[in-house]
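Q: Numbering (the working numbering), first residue to last: 222 to 537.
For each residue, glycine too, the CB sits at the ideal point set by N, CA and C.
Sharing a structure below in structure tokens format, with a few things to ask.
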Amino acid sequence: MTRLDRAVGAVLGSAAGDALGAPYEFGPAGQLTARGQEMRGGGGWDPGEATDDTQMAVLVGESLLEHGGLELPDVFARFRRWAAGQPKDIGLQTEDVLTNGEPWDLAAALHFQVNARAAGNGSLMRASTSAVYFAPAGRAGTMAAARRIAALTHGDRAAWEGTAVLHELVRVALDGADPLAALPGALEAVHPGHRERYSRVLAPDWHPDLATEFNGAVWPCLGSAVWALRTTGGFAAAVRAAVDLGGDTDTVAAVTGILAGARYGQAAIPEAWTTSLHVPLPGFGDRVLDAAALRDLAVRLEAQGPGRDPQPEQDR
């Protein structure tokens with residue numbers, strides 16, 4: 222399996238998990254298994270339709286490619302345009318940050334200052350594209366980029382640190398190593414004020430039933446995704462396990478899809494999950510990305526990350 226297979230797996234796998242989990246969002250545990258329905262839509266979602274999780278990931282990825290790196294004001298402007306397009310689903314916190322009229326470098330911090338809580342999983346859910354792009358930057362580089370992107374909408378450092386850990390696990394998986402074995406090193410790089418909580422939810426003996434917060438929060442969301450990867454033996458099994466946890470099913474499955482896709486590669490994603498997969502982009506006309514477009518996006522992100530030269534050696 223090549224690095225490119227894993228990169229496409231991370232981006233496409235996250236979108237597939239998102240669409241698989243969307244119809245079961247905020248429902249009880251075990252719905253997917255009980256209904257036996259995959260990619261058939263429901264809950265306001267068409268079959269194979271991805272949610273805000275993937276829509277925002279696409280916006281991040283396209284900004285990175287168009288600017289040749291991280292241009293935070295541009296990412297925020299894209300988010301704001303998307304939010305104004307009235308997406309079917311948008312987190313309350315994210316919506317407030319993107320519509321409060323404050324500048325890009327103050328909006329999230331001011332929201333956190335007023336509300337004193339901003340540790341939702343909204344920055345985690347959109348990390349597939351940035352994790353692939355920044356993987357060549359090494360542990361410090363990819364984790365730093367994750368924190369900066371997370372901070373655009375989430376003022377609580379807990380969200381920054383969770384997204385940074387996810388970036389690092391993807392980096393390791395893309396190199397062909399076991400992301401679970403990389404957890405101790407990733408945790409060492411977490412801010413000391415947040416390390417204990419993340420160490421708890423990422424421990425081998427942690428189970429989502431032990432969560433003290435709803436899995437819409439960043440800690441149990443990441444912990445649940447790692448648990449699903451650890452306790453199953455393949456991409457589909459991991460994502461199904463994530464959806465069957467109930468609660469914020471689309472996002473937990475999207476994050477699981479990032480990790481499982483990076484570990485098992487694009488070939489492990491069931492074809493039945495990608496055939497109807499599509500990603501509308503509210504606020505950007507009638508644009509809708511299908512699985513082929515997501516693959517192309519992942520290929521370009523993998524090729525053009527920091528330090529990459531997309532040109533063949535003979536063309537230099």
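Please identify the residue among Phe505, Gln487, Glu409, Leu498 whose C-alpha is closest to the C-alpha of Gly230.
A: Among Phe505, Gln487, Glu409, Leu498, the Cα nearest to that of Gly230 belongs to Gln487.
Q: Going by C-alpha to C-alpha distance, which of Ala243, Gln276, Ala459, Val281 sits closest to Gly265?
A: With distances taken between Cα atoms, Gly265 lies closest to Ala243.
Q: Using 8 Å for Cβ pairs, my map puts Thr315 next to Ala348. What's the rounded Cβ distance?
A: Incorrect: roughly 14 Å between the Cβ atoms, too far for contact.
Q: If you draw a straight line from the alpha carbon of Val281 to that of Thr452, how long is it in whole angstroms?
A: 30 Å
Q: Less than 6 Å between C-beta atoms, sequence neighbours within five positions excluded: which residues of the same chain meet that for Met222?
A: Here Met222 has Gly486 as same chain residues with Cβ atoms under 6 Å from its own Cβ, once five neighbours each way along the sequence are excluded.
Q: For Phe300, I'd like the list of residues in its chain whose CB is within less than 6 Å of its CB, leaving aside the five on either flank, ordered along the chain.
A: Result list for Phe300: Leu319, in chain order.
Q: Can you name the residues that DSSP bridges to Leu510?
A: Val500
Q: Are the CB atoms of Leu522 and Val335 nearer to each other than 7 Å?
A: no
Q: Contact between the segment 292 to 311 and the segment 403 to 411 is defined here as three or more beta-carbon pairs at a separation below 8 Å; is this criterion met?
A: no
Q: Spell out the partners DSSP gives Ala438 in its beta bridges.
A: Per DSSP, the beta-bridge partners of Ala438 are Gly341.
Q: What is the DSSP secondary structure of Val232, reduced to helix, strand or coil?
A: helix
Q: Straight-line CA distance for Gln525 to Gly289?
A: 8 Å
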